[in-house]
Every structure is written in C-alpha cells, then in structure tokens.
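*Asks:* Numbers given in the numbering used here equal positions in the sequence shown, counted from 1, plus 666. For glycine and all other residues, C-beta sits at the position ideal for the given N, C-alpha and C. Dumping the structure here so I can ask a few things about it.
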Amino acid sequence: MDFQGVGNMNNAEISEKLVKMLELRYEPVAVKIIRKGEKIPDGFKEPETNIRHCQSIMRARKGESFVIPASKHACVVGASSLGLVPIPPKVKEGEFHANIGMFDCSDAAANMINQRSEFEEGSTIATVVGPLKDFDIEPDVVILVDVPETLYWLVPAATFFEGGRQAFSTAAFQATCVDSTIIPIVSGNVNMSLGCFGCRRSTDIRNDEMIAGIPYENLEKMIEALEKIHEGPMQKARQK
C-alpha cells in the first residue's frame, strides 16, 4: 500500500501546494535515509555513475529520482556525514579542506568537521532522492532550492503558531548533506544554507539561489500557515 502523506494530503498534493504558494522555480525534493536493516524501497533506480548527494538534489528538483547506495556516493565528505562510509583521515584532520584554500590551516578545517552534524558511521546504507510529487514513501526531509525571497516565507510559516525566532546552522562546506538534510532531521526544525563550495562547484545551482531543508513531519503545519499567509502578507510584500 502506498504511503498516504501527512494529514489529508498525499505527497503530490503537498508538493503542488508548496510550488503554487511559494511560486517555486523547481520541484520540492524528498530525501529518505535508508537505515541499516531497512529494506531499500522498490521503484527507484541507481544512477548510472557515482553521484554526489548535492548533485542528486539538484537533479531531483528537475524531475529525476534515484536510490543511491553507499557504493554510488561520489563524495566521501558527504557520504561520511550521512553515515554511509568511514570518514577519511585527511578529511577528519582537516588536510583535505585546507588544501582547497578555504581555511587558514588544517586545524581550522578540522574544527568545521568536528562540529558538523552527522549520522553514526555504518548506521545507514543508502539515500533515496526524488521529486516529492513522485514519492510514494515517507521522506525524512524535503529540500527546496530557490532565491532568498522565496525561501524567506518558510520563516513566518515555521513561527506562525508559536512565534519565536529561527536559528540556522551552516558552514563553508556541506550545504545539502549536512545543512539541508541531516540538521533538519536531527533537530526537527527548518534549516537554511547559502550553499557551499562543493555544491556551487559541482552542480548547476545558480548564483542567486540558496537551499532549505524542512523536516517532513513539519510540513502539515507549515502548509496550514502558508495558506493563511499567502493571500495576505505574502501578496502585499510581493506586489510592492
């Protein structure tokens, strides 16, 4: 039996609402982390060649779907944070990122790695990525790629019922794997990223675009909030 979605909405309906209300450039992307001992779902193909997590996200926003086992993840930095492979010593010790020229020294780069959110090594076996509208399983997180004005509206949607402030965690690297996938899953909160060196170099993300990750379990309330905001404050701000 197909997964039924959240509330009274299936994934296609959730996706349609997000696209329409936010006026998204691309499809919302669903990500499912397959844990050790879980069955890899049917209906998804492995990519023909190895692929980075960020590349899978950017291709999924344009309609492609994948199941990506550990052996098909091309980026060991992302794959190790996702729990799929061991972290290479040169990454853990900072040498890898320092050599790119983004840090003053290896210790600074290692400090970034030491502070990242990550899944336990060996706790996962694959990622499943595709357009939310086509997902007939329950994703862990939904990722949006768009311009800042569009993704801004996730902030009032996230605070509509309880108020407060939003705090986002990001770094110079790992915008999609850590910032937009892992952090929303482990924190239960929306997280946003301005992008990173890796995704900006290895994908077709545009210079004016950024990324947001939304825990799937939060979507029902956020859509309810967006429906209330859409016809009033959103239109006033957009029609200036």
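1) Could you pull out every residue in the same chain whose Cβ sits closer than 8 Å to the Cβ of residue 771, ignoring the five residues on either side in sequence?
2) Checking the sheet assignment: what are the DSSP bridge partners for residue 774?
3) Considering Cα atoms alone, identify which of 804, 789, 887, 877 is closest to residue 828.
4) Express the C-alpha separation of residue 866 and residue 715 in angstroms, rounding to a whole number.
5) Select from 727, 822, 676 the residue whose C-alpha is nearest the C-alpha of residue 893.
6) May I ask which residues mark the beginning and end of the beta strand (DSSP E) holding residue 732?
7) Let me make sure I understand the geometry here. Which of 792, 682, 745, 708 has the alpha-carbon closest to that of residue 700?
8) Select from 814, 797, 824, 812 the residue whose C-alpha is nearest the C-alpha of residue 680.
9) Note down the Cα distance separating residue 667 from residue 682, rounded to an integer number of angstroms.
10) Comparing the CB of residue 754 with every heavy atom of the ligand SAH, is any distance shorter than 7 Å?
11) If you count every other CB in all the chains shown that lies within 10 Å of the CB of residue 706, and 16 or more means buried, which is it?
12) Between which residues of its own chain and residue 751 is the CB-CB distance below 8 Å, once the five residues before and five after are set aside?
13) Counting Cβ pairs, one atom from each stretch, are 3 or more of them under 8 Å apart for the stretch 797-810 and the stretch 828-837?
14) Under the three-state reduction of DSSP, which class applies to residue 790: helix, strand or coil?
15) Please work out which residues of its chain come closer than 8 Å, Cβ to Cβ, to residue 710, disregarding the five sequence neighbours upstream and downstream, and give them in chain order.
16) Looking at the secondary structure, which residues open and close the beta strand (DSSP E) in which residue 857 lies?
17) Output needed for residue 789: all residues of its chain with C-beta closer than 8 Å, excluding positions within five of it in sequence on either side, in chain order.
18) Should residue 838 and residue 778 be called a contact, given that it needs their Cβ atoms to be closer than 8 Å?
19) If you draw a straight line from the C-alpha of residue 862 to the C-alpha of residue 686, how long is it?
20) Please determine, among 884, 905, 904, 784, the residue with the shortest C-alpha to C-alpha distance to residue 673.
21) Based on Cα-Cα distance, which residue from 891, 871, 807, 773 lies nearest to residue 857?
22) Consult DSSP for residue 768 and reduce its assignment to one of helix, strand or coil.
23) Which residues mark the beginning and the end of the beta strand (DSSP E) in which residue 881 is found?
24) By DSSP, does residue 899 sit in helix, in strand, or in coil?
25) What beta strand (DSSP E) runs, 3 residues minimum, are completely inside the stretch 804-889?
*Replies:* Let me lay it out:
1) Taking the sequence shown and counting its residues from 1, the one referred to as residue 771 is at position 105. The beta carbon of residue 771 sits closer than 8 Å to the beta carbons of 760, 764 from its chain, once the five residues preceding and following it are set aside; these are given in chain order.
2) Working through the sequence shown from its first residue, we reach residue 774 at position 108. Bridge partners of residue 774: none, in fact.
3) Start at 1 with the first residue of the sequence shown, and residue 828 comes out as number 162. That would be 887, whose Cα lies nearest to the Cα of residue 828.
4) Here residue 715 refers to the residue found at position 49 when the sequence shown is read from its first residue. Here residue 866 refers to the residue found at position 200 when the sequence shown is read from its first residue. Going from the Cα of residue 715 to the Cα of residue 866 covers about 20 Å.
5) Your numbering for residue 893 matches position 227 in the sequence shown. Closest option to residue 893, Cα to Cα, is 822.
6) On the sequence shown, position 66 is the one that residue 732 refers to. Where residue 732 is concerned, the enclosing beta strand (DSSP E) stretches over 732-735.
7) Translated into the one-based positions of the sequence shown, residue 700 becomes position 34. Cα-wise, what sits closest to residue 700 is 792.
8) On the sequence shown, residue 680 is found 14 positions in, with the first residue counted as 1. With distances taken between Cα atoms, residue 680 lies closest to 797.
9) One-based indexing of the sequence shown puts residue 667 at position 1. One-based indexing of the sequence shown puts residue 682 at position 16. Its pLDDT being 39, under 50, residue 667 is placed unreliably in this model, and the coordinates cannot settle the point.
10) With respect to the ligand SAH, the structure offers nothing, as it holds no ligand at all.
11) Mapped onto the sequence shown, residue 706 falls at position 40. So residue 706 ends up on the exposed side.
12) As a first step, residue 751 must be located in the sequence shown, where it is residue number 85. Only residues of its own chain outside the window of five on either side were considered, and among them 736, 739, 742, 745, 787 have a CB closer than 8 Å to the CB of residue 751, listed in chain order.
13) Because the criterion of three Cβ pairs below 8 Å is not met, the stretch 797-810 and the stretch 828-837 do not touch.
14) Numbered from its first residue, the sequence shown carries residue 790 at position 124. In this structure, residue 790 counts as strand in the three-state DSSP scheme.
15) Reading the sequence shown from its first residue, position 44 is the one you call residue 710. Closer than 8 Å at Cβ, skipping near neighbours: 731, 732, 733, 794, 796.
16) Taking the sequence shown and counting its residues from 1, the one referred to as residue 857 is at position 191. Looking at the DSSP string, the run of the beta strand (DSSP E) that includes residue 857 is 857-859.
17) Residue numbering aside, residue 789 sits at position 123 when the sequence shown is read from its first letter. Around residue 789: 701, 702, 749.
18) Here residue 838 is taken as the residue at index 172 of the sequence shown, counted from 1. Here residue 778 is taken as the residue at index 112 of the sequence shown, counted from 1. In this structure, residue 778 lies closer than 8 Å to residue 838 by Cβ.
19) In the sequence shown, counting from the first residue as 1, residue 862 sits at position 196. In the sequence shown, counting from the first residue as 1, residue 686 sits at position 20. Cα atoms of residue 862 and residue 686: separation of roughly 27 Å, rounded to the nearest angstrom.
20) What you label residue 673 is simply residue 7 of the sequence shown in a count that begins at 1. Comparing Cα positions, the closest option is 884.
21) Taking the sequence shown and counting its residues from 1, one reaches residue 857 at position 191. Among 891, 871, 807, 773, the Cα nearest to that of residue 857 is on 807.
22) For the purposes of this step, residue 768 is taken as residue 102 along the sequence shown, with counting starting at 1. In this structure, residue 768 counts as coil in the three-state DSSP scheme.
23) Along the sequence shown, read from residue 1 onward, the residue named residue 881 stands at position 215. Residues 876-881.
24) One-based indexing of the sequence shown puts residue 899 at position 233. Shown here, residue 899 sits in a helix according to DSSP, grouped into three states.
25) DSSP assignment within the stretch 804-889 yields the following whole beta strand (DSSP E) runs of 3 residues or more, N-terminal first: 807-812, 857-859, 876-881.
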